[in-house]
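Residue numbers (this note's numbering): 10 to 261.
Here a beta-carbon is modelled for each residue, glycine too, at the ideal position from N, C-alpha and C.
Some notes on the structure that comes next.
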Ligand code: TYD
């Protein structure tokens, strides 16, 4: 993959399944670097419109290829308007999701060909790869618990359309199975991707782990299960180990 030329600028992508805590970690890392955090989908004005099309559960579902192309369009705009200029100015940039998310969600999750997607994301990004992808990894039970805790307390589910229901076995384990009851997430708070079932989310997590395994130079896996501060220290340590200290030093 061609790399866009740049000097001291570095691109760091926080990746992981929904509910893994990567948005919090992206924000903390950006604060520690003294830079604003950006993210996908929706890091530009056009991207915010694309995000609505992609995630609004009130809109009809799009096909996997359409979804991949819209994610790629969002990325192309993000690179052109935000990431590229910042990197050219020599800044370190933290993005909440980047190309790895397309490979994991549209490839491993939706079942599109990962090799073809690699070409697509590279083309969309003009060859700009993240210098480091930090995968904040948590198991699905914890990710679900954290999604349930977002904004609202977990509470009994609002009735969801039948098409949005999780597989019955996943939502309510058989009595006496010993598995903890899955936390319920308010349906109206879930975007279209959040509503995907456990099989999809498991495939996405395994996809991220496979991507990290295949490219240990550009990927690092951080255990996201601990308290926020502990994970933040691990993220920062991983960044320092791989990329060194930022030109302006760490803020705190
Ligand atoms: P994100 O903004 O991280 O989720 P939230 O703010 O709801 O926590 O991402 C929105 C969703 O978009 C998320 O489910 C992952 C998905 N996504 C893809 O499927 N492919 C992509 O290339 C990207 C960037 C995101």
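| Check | Outcome |
| --- | --- |
| On the DSSP letters alone, give me the boundaries of the beta strand (DSSP E) that residue 19 sits inside. | 19-24 |
| Answer with buried or exposed for residue 17, where buried requires no fewer than 16 other C-beta atoms within 10 angstroms of its C-beta. | exposed |
| Beta carbon of residue 47: closer than 7 Å to some heavy atom of ligand 1? | no |
| Please say whether residue 255 and residue 101 have beta carbons closer to each other than 8 Å? | yes |
| When DSSP labels each residue in this structure, what does residue 53 get in the three-state scheme? | coil |
| For ligand 1, any of its heavy atoms closer than 7 Å to the Cβ of residue 153? | no |
| Helix, strand or coil, according to DSSP, for residue 161 in the structure here? | Note that residue 161 scores a pLDDT of 35, beneath 50, so its modelled location is shaky; the value from the coordinates is reported in the next line. Residue 161 falls in the coil class under three-state DSSP. |
| Write down every uninterrupted run of the alpha helix (DSSP H) in the region 50-98 whose length is 4 residues or greater and which is fully enclosed by it, in chain order. | 54-64, 73-87 and 93-97 |
| As a quick exercise: from 113, 141, 123 and 206, pick the residue whose alpha carbon is nearest that of residue 218. | 113 |
| Rounded to whole angstroms, what's the CA-CA distance from residue 263 to residue 252? Just pull it up for me. | Nothing can be reported for residue 263, as the shown portion of the chain is limited to 10 through 261. |
| Could you say if the region 224-237 and the region 72-80 meet the contact criterion of at least three C-beta pairs nearer than 8 Å? | no |
| Thinking just about the alpha-carbon of each residue, which of 130, 257, 240 and 157 is nearest to the one in residue 36? | 240 |
| Would residue 350 and residue 42 be called neighbours here (beta carbons separated by less than 8 Å)? | For the chain, the structure presents residues 10 to 261; residue 350 sits outside this window and is missing. |
| With distance defined between alpha-carbon atoms, name the residue in 250, 220, 246 and 242 nearest to residue 109. | 220 |
| Taking its Cβ as the centre, do 16 or more other Cβ atoms sit within 10 Å of residue 95, making it buried, or is it exposed? | buried |
| So, residue 245 versus residue 38, is the Cβ gap smaller than 8 Å? | yes |
| My assumption, with CB atoms under 8 Å, is that residue 150 sits in contact with residue 29. Please give the rounded CB distance. | Wrong, their Cβ atoms sit about 12 Å apart, outside the cutoff. |
| In the DSSP assignment, what are the bridge partners of residue 146? | 232 |
| Could you check what DSSP says for residue 37 in three-state terms: helix, strand or coil? | helix |
| Which residues share a DSSP beta bridge with residue 105? | 23 and 48 |
| Taking the C-alpha atoms as reference points, what is the distance between residue 72 and residue 63? | 11 Å |
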